[in-house]
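Worksheet: one structure, shown below.
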Amino acid sequence: MIGIVDYGMGNLLSVYNAFDYLGAAVTICKHPEDLAGVDRIVIPGVGAFKDCIDKINQTGFFEALNEEVLKNAKPTLGICLGMQVMGKRSFEGGEFIGLGWFDADIVRLTPSDPTLRVPNIGWNTIKYNKDVPLFKGLPDEPDFYLVHSYYMKANDPKDVVAIYDYTYDVTASVLKNNIFATQFHPEKSQEFGLKILENFIDWKP
Amino acid sequence: MSKKRLIPKLQLRTASYNPNKMVLVVTKQFNEVIEIGDPVSQAKIFQAQAADELIFINIDRHNKDIKKLSGIINKVSEEIFMPITVGGGIKTSDDFRELLSNGADKISINTSAVIRPELITETSEKYGAQCVVVSIDFKKDEQGEYWVYINGGQEKTSYHPLDWALKAEKLGAGELLLCNISFDGMREGLDLEIIKSISENSSIPVIASGGCGLAQHFADGFLKGKADAVAAGSFFAHRDQNFMQTRSQIKNAGINIRMHL
Chain A
-1 MIGIVDYGMG NLLSVYNAFD YLGAAVTICK HPEDLAGVDR IVIPGVGAFK
49 DCIDKINQTG FFEALNEEVL KNAKPTLGIC LGMQVMGKRS FEGGEFIGLG
99 WFDADIVRLT PSDPTLRVPN IGWNTIKYNK DVPLFKGLPD EPDFYLVHSY
149 YMKANDPKDV VAIYDYTYDV TASVLKNNIF ATQFHPEKSQ EFGLKILENF
199 IDWKP
Chain B
248 MSKKRLIPKL QLRTASYNPN KMVLVVTKQF NEVIEIGDPV SQAKIFQAQA
298 ADELIFINID RHNKDIKKLS GIINKVSEEI FMPITVGGGI KTSDDFRELL
348 SNGADKISIN TSAVIRPELI TETSEKYGAQ CVVVSIDFKK DEQGEYWVYI
398 NGGQEKTSYH PLDWALKAEK LGAGELLLCN ISFDGMREGL DLEIIKSISE
448 NSSIPVIASG GCGLAQHFAD GFLKGKADAV AAGSFFAHRD QNFMQTRSQI
498 KNAGINIRMH L
């Protein structure tokens, strides 16, 4: 059973529908204690970092996530803000502490070409590490849908398994043990996105 | 680098034959409405053709029922896995929540943003700028001057489209959706003048719409209008358009767009 963390932010329905469409058993976890009953965890999220981490703390998900993701090592997927919140700290609208699963800062996109927009909204070509099983079955340079103004700047380059070019390399995916996260939205990236979610369903870290 | 986007615009209104059903329509200059079918099945066709995103707008002047609109989006999101923007009659932060929790990714506001500009800031802070699309309808008046119009093009405002666009950006809009009302459904090309001036002066993405009838018109929107995305209603809905063929033509004009599924 895949559990989608509902801490009161973001478009859970699309993520839920995508797993459901793929035939996976999926449930929404509204309470921290629900996480104990699932085998895999998905942390979605759209919006601002501060609201996100505040809600994770207020709802009691902080402890439950650390227990199930770090201690019990359940395969975990973070999407967009759900990826950023796994970093150590974010500079979005101040300075805020995240879950700290990745040694990384969340910083603003600063493309050197002034005609490039922030937020970056749209399809970008991703370059990925072919040894990562979560990317199995993708063509060489697939396009994925991104919408963000901030990104994860990882201090350990080993964690970064996919990038895209926005006048410099922007982190598109990170992987560490049982934790995988994408800045892009697999649930909004049509066939290739569904492929990644399908790989996550079968993933054995 | 983000690819340029092609976006079918699906306009909805209450079916003439059934007050409980919403149907897909195409329009000319915001009038002359023609019903052309079911929005959910059309959305599936666009997905099969690898459209980059979809925009759903309720253009019904009398029925602005958010629940009915969110019901359609809920159905669409069961099978459509691409970004979805929804607009038409959205007035409050709660309307945003209702639509976002039913599968919308971005919300387009138009009349309500002009009447109460704080709505832009409020929703941008609450849901993130990326989900606040400010839709701007405009046209030239008899004196040849551009003005923004609201209420489905029926009411003239005191804004020039560029001024309103820049103000909306400052207030927290994440994207701008532009449409010249006089060009709508005419298939003679986009209003490149206004699109270009807004694209060059704002730093958020611009979606150009209103008037595409040929692949060349899309290419012009990107090359001359400097738009980030081009949306079209009639173009994709009316003729049996081969999306992939249109894409090749746009690509051949030198535009960086998504080619494969």
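Going down the list, the sequences are from chains A and B. Take -1 as the starting number for the first sequence in my numbering and just add one per residue. Take 248 as the starting number for the second sequence in my numbering and just add one per residue. Backbone N, C-alpha and C fix where the C-beta goes; we use that ideal spot for every residue, glycine too.
Contact with chain A by residue i, beta-carbon distance below 7 Å
| i | result |
| --- | --- |
| B/E325 | yes |
| B/R505 | yes |
| B/L347 | yes |
| B/M491 | no |
| B/M329 | yes |
| B/A375 | For clarity, residue 375 of chain B is Gly in the given sequence; the question names Ala instead. Interface residue, yes. |
| B/R344 | no |
| B/I451 | yes |
| B/R252 | yes |
| B/S249 | yes |
| B/G216 | No statement about residue 216 of chain B is possible, as the shown extent of chain B runs from 248 to 508 and does not include it. |
| B/G419 | no |
Beta-bridge pairing of residue i - partner residues as DSSP gives them
| i | result |
| --- | --- |
| B/F303 | B/L257, B/V333 |
| B/A476 | B/R252, B/I454 |
| A/Y149 | A/V105 |
| A/W121 | A/Y143 |
| A/W99 | Paired residues: none, contrary to the question. |
| A/S88 | A/F94, A/I104 |
| B/E435 | B/E435 pairs with nothing; no bridge assigned. |
| A/V24 | A/I0 |
Cutoff 7 Å; reference residue i; Cβ partners in own chain excluding five residues on either side
| i | result |
| --- | --- |
| B/K443 | K471, G472, K473 |
| B/S359 | I337, K338, L366 |
Interface flag, residue i vs chain B, CB-CB below 7 Å
| i | result |
| --- | --- |
| A/S12 | yes |
| A/Q188 | yes |
| A/R38 | no |
| A/N15 | yes |
| A/P30 | no |
| A/G45 | yes |
| A/Y143 | yes |
| A/P117 | yes |
Burial state of residue i, where buried means 16 or more other Cβ atoms lie within 10 Å
| i | result |
| --- | --- |
| A/P155 | exposed |
| B/N278 | exposed |
| B/S288 | exposed |
| A/P274 | Lying outside -1 to 203, the shown extent of chain A, residue 274 of chain A is not represented and no answer is given. |
| A/G91 | exposed |
| B/S511 | With chain B running from 248 to 508 in the structure shown, residue 511 of chain B is simply not present. |
| A/T205 | There is simply no residue 205 of chain A to check, as chain A begins at -1 and stops at 203 in what is shown. |
| B/H309 | exposed |
| B/Y396 | buried |
| B/G375 | buried |
| A/A71 | exposed |
| A/Q188 | buried |
| B/D341 | exposed |
Element boundaries [beta strand (DSSP E), containing residue i]
| i | result |
| --- | --- |
| A/E189 | Where A/E189 is concerned, there is no enclosing beta strand (DSSP E), although the alpha helix (DSSP H) it sits in stretches over 188 to 200. |
| B/P408 | Note, B/P408: premise wrong, no beta strand (DSSP E); alpha helix (DSSP H) at 408 to 418. |
| B/C426 | 422 to 427 |
| B/K268 | 265 to 275 |
| A/R38 | 38 to 41 |
| A/G76 | 74 to 77 |
| B/C459 | Note, B/C459: premise wrong, no beta strand (DSSP E); not H, not E. |
Cβ-based neighbour list, residue i, same chain, cut-off 8 Å, excluding 5 preceding and 5 following
| i | result |
| --- | --- |
| B/E345 | I313, K314, S317 |
| A/M(-1) | A23, V24, T25, G35, V36, D37, R38 |
| B/F328 | Q294 |
| B/Q377 | K353, G421, E422 |
Residue span of the alpha helix (DSSP H) that contains residue i, given as start and end
| i | result |
| --- | --- |
| A/Y164 | Per DSSP, A/Y164 belongs to no alpha helix (DSSP H) and is neither H nor E. |
| B/E372 | 365 to 374 |
| B/I397 | No alpha helix (DSSP H) holds B/I397; the beta strand (DSSP E) holding it covers 393 to 397. |
| A/A62 | 59 to 63 |
Neighbourhood of residue i by C-beta, 6 Å cutoff - its chain only, sequence neighbours within 5 removed
| i | result |
| --- | --- |
| A/G98 | K86 |
| A/G6 | K53 |
| B/R434 | G460 |
| A/V116 | L107, S147 |
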